[in-house]
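Visitor: Submitted below is the structure of interest, expressed as structure tokens.
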Amino acid sequence: MFRLTLLQTNGSRRGSRHIIDRSPYLIGRNEQCDLTFASRSVSRKHCKITFNDTDVLIQDLGSRNGTVVEGELIETGVPKPLSHHDHLKIGKYTFRVSIRDQATGKPFRFKPTDLSTLSGPPVVPADTSKGAAQLLVELDELASDLGRSQGSASPLLRRFAATDEPEIKADPVKADESEQDDQTSSTTSIQVADGGVPSTDRLDVSADDTESASPESRKIPDHLRPKRPKDSQSAASAALRNLFIR
């Protein structure tokens with residue numbers, strides 16, 4: 001048990017000691033309170049002090065001017081622990097609290113509970129070592145799963161998919177120019193001999209070139225068109241002849 005007293009430090013009763021011998025102990029202007037003051041700065045039921053074998057608490061009861069403990073206005077209705085030699089202000093009156101152990105006389109000072117000593121599973125901090133790349137991979141996997149479940153491709157996967165080479169878009173103007181160059185080269189590749197007959201020995205025409213030639217390049221009469229090699233051996237022989245003749 002505790003031995004509690006309030007030493008008044010101002011007012012007409014300065015130096016008086018008010019013994020707190022019951023719990024709860026009411027302080028206010030009402031005559032039914034345990035400690036009364038006639039000043040209008042004190043509410044009818046201003047505050048109360050409660051105690052047991054381990055703690056001493058003070059609680060404001062909704063007073064007009066509030067209750068101050070160690071310079072701090074306490075919250076209404078919320079008990080505030082008290083320690084030996086704490087300073088109180090109730091209305092315009094000030095007090096110093098004395099809390100001693102009744103058996104030993106040692107002063108009592110409130111000690112907050114150390115939450116680290118409480119039993120329970122250890123709290124594992126979140127792993128913050130993952131980089132942005134790992135997070136993107138996880139997001140892509142999640143988005144892919146969602147996309148498969150909805151029957152569509154993952155938008156995140158399309159957005160963040162890494163490519164080694166940039167996509168090359170065809171330029172329609174350049175495509176037309178290159179096609180014209182191919183047609184011109186295929187037309188001018190035909191060389192005419194001195195007698196006015198095209199030389200089949202110097203003509204190097206592949207099957208792909210003849211098939212992809214434009215209608216303009218096919219205006220050569222059929223009897224002047226070079227014959228295609230019958231097989232790969234004939235094509236090789238023609239290539240060797242062109243090499244040595246040139």
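Just so you know, we're using the UniProt record's numbering here: the sequence shown kicks off at 1 and counts up by one.
In this text, a Cβ means the ideal position worked out from N, Cα and C, and glycines have one as well.
1) Can you give me the C-alpha to C-alpha distance between L57 and L6, rounded to a whole angstrom?
2) What separation, rounded to the nearest whole angstrom, lies between the Cα atoms of V68 and L88?
3) Assuming I20 contacts L4 under a Cβ cut-off of 8 angstroms, what Cβ separation, rounded to an integer in Å, is found between them?
4) With C-beta atoms as the reference, is I99 less than 7 angstroms away from H46?
5) Using only the alpha-carbon positions, how far apart do Q8 and R14 sit?
6) Can you tell me which residues form a DSSP beta bridge with K106?
7) Hey, out of L146, S237, S23, V78, whose CA is closest to I49's CA?
8) In angstroms, rounded to a whole number, what distance separates the CA positions of T54 and E138?
9) Quick check on the DSSP output: the beta strand (DSSP E) that includes S98 runs from which residue to which?
10) Got a sec? Which residues, its chain only, sit under 6 angstroms from I74 by beta carbon, not counting five neighbours each side?
11) Would K111 and S41 be called neighbours here (beta carbons separated by less than 7 angstroms)?
12) Q32 by DSSP, collapsed to three states: which one?
13) From which residue to which residue does the beta strand (DSSP E) around R64 run?
14) From E72 to L146, what distance separates their C-alpha atoms?
15) Measure the Cβ-Cβ separation of H84 and F51 and say whether it is below 7 angstroms.
16) Leaving out five residues before and five after R64 in sequence, what residues of the same chain have Cβ atoms less than 7 angstroms from its Cβ?
17) Leaving aside the five residues before and after E70 along the sequence, list all residues of the same chain whose C-beta is less than 7 angstroms from its C-beta, in chain order.
Guide: Based on what the coordinates show:
1) When rounded, the distance between both Cα atoms is 13 angstroms.
2) Between the alpha carbons of V68 and L88 lies a gap of roughly 6 angstroms.
3) With a Cβ gap of about 4 angstroms, I20 and L4 count as contacting.
4) Taking 7 angstroms as the Cβ cut-off, I99 and H46 do not qualify as a contacting pair.
5) Approximately 5 angstroms, taken between the alpha carbons.
6) None, per the DSSP bridge assignment.
7) Residue S23 holds the alpha-carbon nearest to the alpha-carbon of I49 among L146, S237, S23, V78.
8) If I take the Cα positions, the gap works out to 53 angstroms.
9) Per DSSP, S98 belongs to the beta strand (DSSP E) from 93–101.
10) If we look at I74 and ignore the five residues flanking it on each side, its Cβ neighbours are D60, T67, K80.
11) The Cβ-Cβ distance between K111 and S41 does not fall below 7 angstroms.
12) Three-state result, Q32: coil.
13) In the DSSP annotation of this structure, R64 is not part of any beta strand (DSSP E), being labelled neither H nor E.
14) Distance from the CA of E72 to the CA of L146, rounded to the nearest whole angstrom, comes to 55 angstroms.
15) Cβ atoms of H84 and F51: not closer than 7 angstroms.
16) S43, listed in sequence order.
17) In chain order, D86, H87 place their CB closer than 7 angstroms to the CB of E70, counting only its own chain and leaving out the 5 sequence neighbours on each side.
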